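In order, the protein sequences belong to chains Z and S. Per our numbering, the very first residue in the first sequence carries number 2; after that it's consecutive. Per our numbering, the very first residue in the second sequence carries number 6; after that it's consecutive. From the three backbone atoms N, C-alpha and C, an ideal C-beta is built for every residue, glycine too. Just so we're clear, the structure is a prediction, and the values are computed from it rather than from any experiment. Read the structure below first, then the notes.
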Amino acid sequence: MEMFEGLSEPVRKAWERSLTNGRASLSRRRVLGAGLGVAGAGALSACGIPAATNNQGGVKSDDLSDKDKSLVFSNWQLYIDMSDDEKHMPTLEAFEKKTGIKVKYSDDITDNVEFFAKIKPQLAAGQSTGRDLVVLTDWMAARMIRLGWAQPLDPTYLPHAFTNLEQRFRNPDWDPGRAHSYPWQGIATVIAYNEKATKGKKVGSVSQLLDDPDLKGRVALLSEMRDTIGMTLLDMGKQPESFTADDFDAAVARVQKAVDGKQIRQFTGNEYTDGLASGNIAACVAWAGDLVQLQADNPEIKFVIPPAGYIYSTDNMLVPAGSKHRKNAELLIDWYYQPEIAAELSAWVNYITPCTGVYEELLKIDEDVANNPLIIPNAEMKAKAHPFRSLSSKEETAFEDKFAKLIGA
Amino acid sequence: MAALSTAPAGAPAEVPPVPPGAAARRRRLVPYWLLLPGILWLLVFFAAPMVYQASTSVQTGSLETGYQVTWHFATYWDAFREYDVFYLRSLIYAGIATVLCLAIGYPLAYTIAFKAGRWRNVLLVMVIAPFFTSFLIRTLAWKTILADDGYVVTVLDKLHILNVTASLGITADDRVLATPLAVVCGLTYNFLPFMILPLYSSLERIDPRLHEAAGDLYARPFTTFRKVTFPISLPGVVAGTLLTFIPASGDYINAELLGSPSEQMIGNVIQSKFLTVLDYPTAAALSFMLMAAILVIVSVYIRKAGTEELV
Numbered sequence: 002m003e004m005f006e007g008l009s010e011p012v013r014k015a016w017e018r019s020l021t022n023g024r025a026s027l028s029r030r031r032v033l034g035a036g037l038g039v040a041g042a043g044a045l046s047a048c049g050i051p052a053a054t055n056n057q058g059g060v061k062s063d064d065l066s067d068k069d070k071s072l073v074f075s076n077w078q079l080y081i082d083m084s085d086d087e088k089h090m091p092t093l094e095a096f097e098k099k100t101g102i103k104v105k106y107s108d109d110i111t112d113n114v115e116f117f118a119k120i121k122p123q124l125a126a127g128q129s130t131g132r133d134l135v136v137l138t139d140w141m142a143a144r145m146i147r148l149g150w151a152q153p154l155d156p157t158y159l160p161h162a163f164t165n166l167e168q169r170f171r172n173p174d175w176d177p178g179r180a181h182s183y184p185w186q187g188i189a190t191v192i193a194y195n196e197k198a199t200k201g202k203k204v205g206s207v208s209q210l211l212d213d214p215d216l217k218g219r220v221a222l223l224s225e226m227r228d229t230i231g232m233t234l235l236d237m238g239k240q241p242e243s244f245t246a247d248d249f250d251a252a253v254a255r256v257q258k259a260v261d262g263k264q265i266r267q268f269t270g271n272e273y274t275d276g277l278a279s280g281n282i283a284a285c286v287a288w289a290g291d292l293v294q295l296q297a298d299n300p301e302i303k304f305v306i307p308p309a310g311y312i313y314s315t316d317n318m319l320v321p322a323g324s325k326h327r328k329n330a331e332l333l334i335d336w337y338y339q340p341e342i343a344a345e346l347s348a349w350v351n352y353i354t355p356c357t358g359v360y361e362e363l364l365k366i367d368e369d370v371a372n373n374p375l376i377i378p379n380a381e382m383k384a385k386a387h388p389f390r391s392l393s394s395k396e397e398t399a400f401e402d403k404f405a406k407l408i409g410a
Numbered sequence: 006m007a008a009l010s011t012a013p014a015g016a017p018a019e020v021p022p023v024p025p026g027a028a029a030r031r032r033r034l035v036p037y038w039l040l041l042p043g044i045l046w047l048l049v050f051f052a053a054p055m056v057y058q059a060s061t062s063v064q065t066g067s068l069e070t071g072y073q074v075t076w077h078f079a080t081y082w083d084a085f086r087e088y089d090v091f092y093l094r095s096l097i098y099a100g101i102a103t104v105l106c107l108a109i110g111y112p113l114a115y116t117i118a119f120k121a122g123r124w125r126n127v128l129l130v131m132v133i134a135p136f137f138t139s140f141l142i143r144t145l146a147w148k149t150i151l152a153d154d155g156y157v158v159t160v161l162d163k164l165h166i167l168n169v170t171a172s173l174g175i176t177a178d179d180r181v182l183a184t185p186l187a188v189v190c191g192l193t194y195n196f197l198p199f200m201i202l203p204l205y206s207s208l209e210r211i212d213p214r215l216h217e218a219a220g221d222l223y224a225r226p227f228t229t230f231r232k233v234t235f236p237i238s239l240p241g242v243v244a245g246t247l248l249t250f251i252p253a254s255g256d257y258i259n260a261e262l263l264g265s266p267s268e269q270m271i272g273n274v275i276q277s278k279f280l281t282v283l284d285y286p287t288a289a290a291l292s293f294m295l296m297a298a299i300l301v302i303v304s305v306y307i308r309k310a311g312t313e314e315l316v
């Protein structure tokens, strides 16, 4: 039973029992609970994770995993560790070697909405998307689950993931108990500025981005609604995890004022990085993972965690409806929840790891990376992190429409 | 082709006699067979999407409940009222870009056609060369060229040209990026080859002896151009302006990358309605109205320009 390597003895025993005896999900859950309790992770059951086998409308299709050892994995660009010549993906190849599952990895996701538009016709028609595992940002993952287009995962094959998933990622309001998804990496949305372009002036809050005349015409905000409005809500003293429609309108009006005053230069996706490096953009709302990379080349780029807090989200692995290799996908998800594998991945992609126990492993690889709060958040950063609450379909359309008008489209 | 195979040349006598009626019928069908690939292409890639979008534009519903055709024509009116500014802006930007393309492209095409000599092919390759790079990369390159602290903007600023453009309202805050000027320049640059190539092909066909004849009749070079060269090249002008104006008015990349929130065009709205807001009916209605607007403008234009050759 190679898949249990690295787990403590009692946990391993519990998994083996539950697997070999082929029990019903209820008893398996009980065994699992006992095992975890012994392992000192009793906090898990305390936070009341609902049954992961609780099917919330997700479609389970016949699984051919045992006969067909293959897996099609769609991910974002530059989002997996690569060798220096960029020809090999060490952690993924190690998985193939260990499990004998042939992974077809493609980095064909460049945008949540475009990818959704691409796979939507097949999903709506009940056909296979040709993909067994996809990585989508939480609000898009939430939409997939809401629409019943994500398969429920079987915790039997996710022992490491279940044990090592960090506490704060366990119960998002859109997928309680992670019944359908597991985080690939976490994302922090913070404020960044180019010290040279601000002439040494520090930028510390969203208010300053929206009002400071010294930054006029050189501020960029993200074209992702949840990041830009979420940060504005925090700045206005509201909670992104529980705001009302009125709060949302107030935040939009707040940003609109800055747009009308020509304070805001652009709403951008990832391309703000070029502008920030060249100084066209003096200050902006930015994704922490990009900043780690940028700072390596441009020491004048600084990041700030605003006192009001920041938005965090996750990119999540899920198995789209119609996939016939769910078990293979689950094994891959589980593979990346072994701390030494997760550490290798994080050291390369520089995003927040959702897996506990990575810090110790990272220390062995690179001390600087291990102590970078943008990769392993410290207690202060964790305390300031806020998720953006999930939206109903109706809210999503209404809010996106208002935000689209704000960004000029 | 069917008709040919029934009567192989060289052995007419051995061919079994075909009833004259059937042969005639087959011959009548030949053109349709030849048209078949084109018709199929049109049906699959033009007619079917058009019908699909037309139907989408009068549907209502949501992702969860699905969409039903409810003949909700109000979508059109609502969408127009809300986004009329974007239509106007798109048509103005595309119009200016087309005029600029013509002003830059005509002298260039003229030079290549008549004055380039052995450099002609080299120059043509240089016109087409940008196509070897992706549209997106070329537009992104302009972000570097027009950077706030870059050479171009610094020089323009030193020469006080930016003050002039700022007073015209097409730039702001001593910068070019994220202004109307940047978007129009981007459009002009990206669609310039579509102007030059038709212009070149119509100029290149002109017999140089016509110019000599005009000279013999005491026409000065300018008169020759006005009375001879330009009228003959008119189909090229019309084709070039259409090939520039139509895609430019639907473009969204230039506005997105080079513009600020106040320069977004109708293409940006349609894109965000389709992908982000998921308001498919409004997106489809907006697309149809854009098509209708362009169709009207183009038909008036072609009628005025009077190019029977072209249509």
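Sort out for me which residues DSSP pairs residue i with in a bridge.
i	result
residue 74(Z)	106(Z) and 134(Z)
residue 288(Z)	190(Z)
residue 312(Z)	190(Z) and 387(Z)
residue 67(S)	71(S)
residue 303(Z)	194(Z)
residue 318(Z)	136(Z) and 183(Z)
residue 269(Z)	223(Z)
residue 331(S)	For residue 331(S) there is no data in the structure shown, the boundaries of chain S being 6 and 316.
residue 356(Z)	166(Z)
Ordered along the chain, which non-local residues of its own chain (more than five positions away) have a Cβ less than 6 Å from that of residue i?
i	result
residue 284(S)	278
residue 316(Z)	136, 138, 185 and 186
residue 99(S)	250, 253 and 254
Given this structure, state the Cα-to-Cα distance separating residue i from residue j, to the nearest angstrom.
i	j	result
residue 53(Z)	residue 271(S)	Caution applies to residue 53(Z), whose pLDDT of 31 falls short of 50 and renders its modelled position unreliable; the value that the coordinates give is listed next. Near 45 Å, if we compare the C-alpha coordinates of residue 271(S) and residue 53(Z).
residue 282(S)	residue 94(S)	22 Å
residue 167(Z)	residue 144(Z)	23 Å
residue 304(S)	residue 298(S)	10 Å
residue 103(Z)	residue 142(Z)	25 Å
residue 133(Z)	residue 118(Z)	17 Å
residue 107(S)	residue 243(S)	10 Å
residue 328(Z)	residue 68(Z)	11 Å
residue 113(S)	residue 188(S)	22 Å
residue 125(Z)	residue 84(S)	27 Å
residue 57(S)	residue 251(Z)	38 Å
residue 186(S)	residue 348(Z)	43 Å
residue 115(S)	residue 205(S)	7 Å
residue 399(Z)	residue 72(S)	17 Å
residue 49(S)	residue 170(Z)	47 Å
residue 132(S)	residue 138(S)	13 Å
residue 389(Z)	residue 188(Z)	12 Å
residue 344(Z)	residue 361(Z)	9 Å
residue 297(Z)	residue 260(S)	31 Å
Mapping the DSSP letters down to three states, classify residue i as helix, strand or coil.
i	result
residue 245(Z)	coil
residue 262(Z)	coil
residue 177(S)	strand
residue 275(S)	helix
residue 151(Z)	strand
residue 89(Z)	coil
residue 294(Z)	helix
residue 14(S)	Legend: pLDDT at residue 14(S) = 47, less than 50; position of this residue unreliable, value from coordinates given subsequently. The answer is coil: DSSP assigns residue 14(S) none of H, G, I, E or B.
residue 210(S)	coil
residue 170(S)	helix
residue 63(Z)	coil
Using a Cβ-Cβ cut-off of 7 Å (strictly less than) and excluding sequence neighbours within five positions of residue i, which residues of its own chain qualify?
i	result
residue 162(Z)	183, 334, 335 and 338
Is there a Cβ of chain C sitting closer than 7 Å to that of residue i, yes or no?
i	result
residue 282(S)	Among the protein chains of the structure shown, namely Z and S, there is no chain C.
Tell me which residues share the same chain as residue i and place their Cβ nearer than 8 Å to its Cβ, disregarding the 5 neighbours each side in the sequence.
i	result
residue 78(S)	63
residue 190(Z)	223, 228, 231, 232, 286, 287, 288, 289, 311, 312, 313 and 314
residue 148(S)	182, 262 and 263
residue 120(Z)	130, 132, 135 and 321
residue 387(Z)	231, 235, 240, 241, 242, 310, 311, 312 and 313
Any heavy atom of the ligand MG inside 6 Å of the beta-carbon of residue i?
i	result
residue 277(S)	As far as ligands go, the structure on display features none, and thus does not contain the ligand MG.
(request) Scan the segment 218-246 of chain S and note each continuous beta strand (DSSP E) run of 3 residues or more that stays entirely inside, going in chain order. (result) none
(request) Pick out the complete alpha helix (DSSP H) segments inside the segment 87-160 of chain S, 4 residues or longer, and give them in chain order. (result) List check, alpha helix (DSSP H) in window: 125-133 and 140-150.
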